[in-house]
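Reading through the structure tokens given below for one structure.
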Amino acid sequence: MQQEKIDVLVIGAGPSGSVASAYLHKQGLKVKVVEKSKFPRFVIGESLIPRCMDHFDAVGLLDCLKAMNFEVKDGARFMNNQGVVCNFDFSKKHGEGWDWTWQVPRADFDKALTDELQSWGVDIAFEQEVTAVEFADDGSSTTTIRDVKGNESTVKAKFIVDSSGFGRVLPRLLDLDKPSEIPKHSSIFTHVKDIKRPEGREGTIITFDVIDTDTWLWVIPFSNGDTSIGYVGKTGYMDSFKGTNTEKLQEMMRLSSYYFDRFDGLDYKYEPRMIKNIAKSVKQLYGKGFALTGNSAEFLDPVFSSGVTFAVESAHLAAQLVTKELKGEEVDWQTQYTDYMLEGVDVFSTYVKEWYTGNLQTIFFHSTENKVIKEQICAVLAGYVWDKTNPFVKNHNRLVKTVAHIADMEMAAHGKS
Ligand code: FAD
Numbered sequence: 416m417q418q419e420k421i422d423v424l425v426i427g428a429g430p431s432g433s434v435a436s437a438y439l440h441k442q443g444l445k446v447k448v449v450e451k452s453k454f455p456r457f458v459i460g461e462s463l464i465p466r467c468m469d470h471f472d473a474v475g476l477l478d479c480l481k482a483m484n485f486e487v488k489d490g491a492r493f494m495n496n497q498g499v500v501c502n503f504d505f506s507k508k509h510g511e512g513w514d515w516t517w518q519v520p521r522a523d524f525d526k527a528l529t530d531e532l533q534s535w536g537v538d539i540a541f542e543q544e545v546t547a548v549e550f551a552d553d554g555s556s557t558t559t560i561r562d563v564k565g566n567e568s569t570v571k572a573k574f575i576v577d578s579s580g581f582g583r584v585l586p587r588l589l590d591l592d593k594p595s596e597i598p599k600h601s602s603i604f605t606h607v608k609d610i611k612r613p614e615g616r617e618g619t620i621i622t623f624d625v626i627d628t629d630t631w632l633w634v635i636p637f638s639n640g641d642t643s644i645g646y647v648g649k650t651g652y653m654d655s656f657k658g659t660n661t662e663k664l665q666e667m668m669r670l671s672s673y674y675f676d677r678f679d680g681l682d683y684k685y686e687p688r689m690i691k692n693i694a695k696s697v698k699q700l701y702g703k704g705f706a707l708t709g710n711s712a713e714f715l716d717p718v719f720s721s722g723v724t725f726a727v728e729s730a731h732l733a734a735q736l737v738t739k740e741l742k743g744e745e746v747d748w749q750t751q752y753t754d755y756m757l758e759g760v761d762v763f764s765t766y767v768k769e770w771y772t773g774n775l776q777t778i779f780f781h782s783t784e785n786k787v788i789k790e791q792i793c794a795v796l797a798g799y800v801w802d803k804t805n806p807f808v809k810n811h812n813r814l815v816k817t818v819a820h821i822a823d824m825e826m827a828a829h830g831k832s
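Structure (structure tokens):
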């Protein structure tokens, strides 16, 4: 059996694996990326938030993405079923940071990243699946890889970055999964050729159309003329729709009075896919000789589009720490990696949970607009969840509840509750 020796094995070539391998390669380490599928491949996660731009920029992957002319996303629109609209504009946010990003078909986006990495000489082995990993006491590992013909080879690595997304390779092999605290939601989605797309901003703006407290529709227009549509709702509710996935999604589209006509009668580009019980969590984010990044570690919910941003935030940080460790420097993975990552996850978890308690929806749709509060919440939605100068980061738990409570009292005073 063929055996290769490298410094770092990266499992998965999504955004997380790409950012990790870009950084490690630039540090002069011998990196190998092993990717199960052949690119371009479909994956969901198409609405980015500005914080991710910092990481693509830092590892030298921004220019290849800019060249793709993806649809620019400079904010987001939330609307409820009474027609109340809440617009966020990323240029009007608290603190520093990017005020735009993109809406991307991920097949093209992820391929642009891997093409760029390969042009630098990064070794990416496509259609090769990691099937087993054995760790030695010093943290070095021997990984078994199987190609599409069933041939096996092994790789000896000093460190593994597991960026395998929902493949969750090391959480599965090492029994690291734990139940998420986020309510059980499922999602169904597809792409359409958006031939009835209105002119101007109405045609291109990303929208979250809120059907009720638990159920919402995303509409994510791409620059190639296609639009991604998808529903998220409680698993039990999503299961109550009958028929094929196409029939289920067609039925659900009736729930949106705003978007029904635009998408009515359009062919779905593929049979809608359904992912059940989306949220994922793990007992630990690292161990001797490995770190989990991106979805392999934690996934909350699609509602605030945080997935890719956490994927690249964790990948970039893990890659920096791996580099230090392999260069002989002391690394405290608990404080420098886990504590940092969980701080951001904790802030976003509050926003996801408070979305589904209805408190954030109350703030978005029913509170008297307060410019400062809106800018602070906008910075959170842009992904700047480590900025302690932002009260809605520092006191996330308390402030969201308090502002929602005030909005409730205002509504009661005006006889609207
Ligand atoms: P991925 O992009 O999933 O990449 C992992 C790669 O690992 C894959 O290419 C896979 O083939 C490979 N792999 C898996 N197993 C193996 C193996 N055994 N061996 C080798 N390779 C392997 N995020 C957003 O930012 N915005 C959104 O709007 C958004 N919407 C979402 C909607 C839904 C319904 C869901 C479920 C998620 C959504 N997400 C969104 C989350 C987003 O999909 C992920 O956070 C993001 O793709 C994570 O990137 P990653 O690099 O960690 O994993």
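Residues 416 to 832 in the working numbering are what the sequence shown lists, from first letter to last.
Positions of the beta carbon are idealized from the N, C-alpha and C atoms, including for glycine.
From a predicted model like this one, the values you see are computed outputs, not experimental measurements.
Residue of Lys445, Pro598, Ile792 minimising C-alpha distance to Leu814: Ranking Lys445, Pro598, Ile792 by Cα distance to Leu814 puts Ile792 first.
Using the beta-carbon count (16 or more within 10 Å), is Phe675 buried or exposed? Per the 10 Å Cβ criterion, exposed.
Beta carbon of Gly759: closer than 6 Å to some heavy atom of the ligand FAD? False, no ligand heavy atom lies under 6 Å from that Cβ.
Quick test of the definition: if touching needs 3 or more C-beta pairs under 8 Å, does the region 686-702 touch the region 649-663? Between the region 686-702 and the region 649-663 there are three or more inter-stretch CB-CB distances shorter than 8 Å, so the stretches are counted as touching.
Decide if the region 423-441 is in contact with the region 719-739; the criterion is three or more beta carbon pairs, one per stretch, under 8 Å apart. Enough Cβ pairs lie closer than 8 Å, so yes.
Using 7 Å as the threshold, is the C-beta distance between Asn385 and His509 below it? Residue coverage of the chain in this structure runs from 416 to 832, which leaves residue 385 outside it and unanswerable.
Boundaries (first-last residue) of the beta strand (DSSP E) holding Leu707: Annotation: the continuous beta strand (DSSP E) that includes Leu707 extends over 705-707.
For Thr783, collect the residues of the same chain with a Cβ closer than 8 Å to its Cβ; drop the 5 residues on either side in sequence, then sort them by chain order. Taken in chain order, the residues that qualify are Ala822, Glu825.
Just curious, the alpha helix (DSSP H) that Asn812 is in, first and last residue? Taken as a continuous stretch (DSSP letters only), the alpha helix (DSSP H) holding Asn812 covers 811-828.
Would Ile539 be called buried (16 or more neighbouring beta carbons within 10 Å of its own) or exposed? So Ile539 ends up on the buried side.
So what's Gln518 in DSSP terms, helix, strand or just coil? Three-state result, Gln518: strand.
Short Cβ contact (7 Å threshold) for Val746 with Leu591: Contact flag unset, no.
As assigned by DSSP and simplified to three states, the class of Thr605: Correct three-state label for Thr605: strand.
Ile459: beta carbon under 6 Å from a heavy atom of the ligand FAD? Checking every heavy atom of the ligand FAD against the Cβ of Ile459, one is found closer than 6 Å.
I need the straight-line Cα distance from His606 to Gly648, nearest angstrom please. Rounded to whole angstroms, His606 to Gly648 spans 19 Å at the Cα level.
Ala726 CB to nearest heavy atom of the ligand FAD below 6 Å: Look at Ala726: its beta carbon is less than 6 Å from one of the heavy atoms in the ligand FAD.
Alpha carbon to alpha carbon, how far is Phe763 from Val800? Give it in angstroms, no decimals. Taken atom to atom, the span from the alpha-carbon of Val800 to that of Phe763 is near 7 Å.
Based on Cα-Cα distance, which residue from Tyr438, Phe705, Ile603, Phe454 lies nearest to Gly664? Here residue 664 is Leu; the residue named in the question, Gly, does not match the sequence. Closest in alpha carbon position to Leu664, among Tyr438, Phe705, Ile603, Phe454, is Ile603.
Measuring CB to CB, does Ser720 end up less than 7 Å from Ser462? Yes, they are a contact pair.
Given a threshold of 16 other Cβ atoms within 10 Å of its Cβ, counted over all protein chains shown, does Asn484 qualify as buried or as exposed? Counting Cβ neighbours within 10 Å, Asn484 comes out exposed, since fewer than 16 surround it.
May I ask whether a heavy atom of the ligand GDP can be found less than 6 Å away from the beta carbon of Glu531? The ligand GDP is not among the ligands present in this structure, which contains only the ligand FAD.
Residue interval of the alpha helix (DSSP H) (run including Gln411): Absent from the structure is residue 411, since the part of the chain shown begins at 416 and ends at 832.
Leaving out five residues before and five after Gln518 in sequence, what residues of the same chain have Cβ atoms less than 7 Å from its Cβ? Only Glu461, Ser462, Phe485, Glu486, Lys488, Ile621, Ile635, Pro636, Phe637 meet the Cβ criterion.
What would DSSP say about Asn502, mapped onto helix, strand or coil? Strand, per DSSP.
Specify whether the region 434-443 and the region 470-485 touch according to this definition: at least 3 beta carbon pairs, one from each stretch, less than 8 Å apart. Touching, per the Cβ criterion.
Need the endpoints of the alpha helix (DSSP H) that Glu542 sits in, please. Unbroken run through Glu542: none, as it is neither H nor E.
Is the CB-CB distance between Lys435 and Ser578 below 7 Å? Correcting the residue identity first, residue 435 is Ala in this sequence and not Lys. Cβ distance < 7 Å, so Ala435 and Ser578 count as in contact.
Do you know how far the Cα of Pro455 is from the Cα of Lys445? Going by the C-alpha atoms only, they are around 25 Å apart.
Do Gly427 and the ligand FAD come close, with the Cβ less than 6 Å from some heavy atom? Within the cutoff, so yes.
Three-state secondary structure (DSSP) of Arg466: DSSP places Arg466 within a helical segment (H, G or I) once states are collapsed to three.
Quick one, are the C-beta atoms of Phe780 and Asn495 less than 7 Å apart? Taking 7 Å as the Cβ cut-off, Phe780 and Asn495 qualify as a contacting pair.
Contacting residues, own chain, Cβ-Cβ under 8 Å from Met668 (five flanking each side not counted): Contacts found: Leu632, Ile644, Tyr674, Phe675, Phe678, Asp679.
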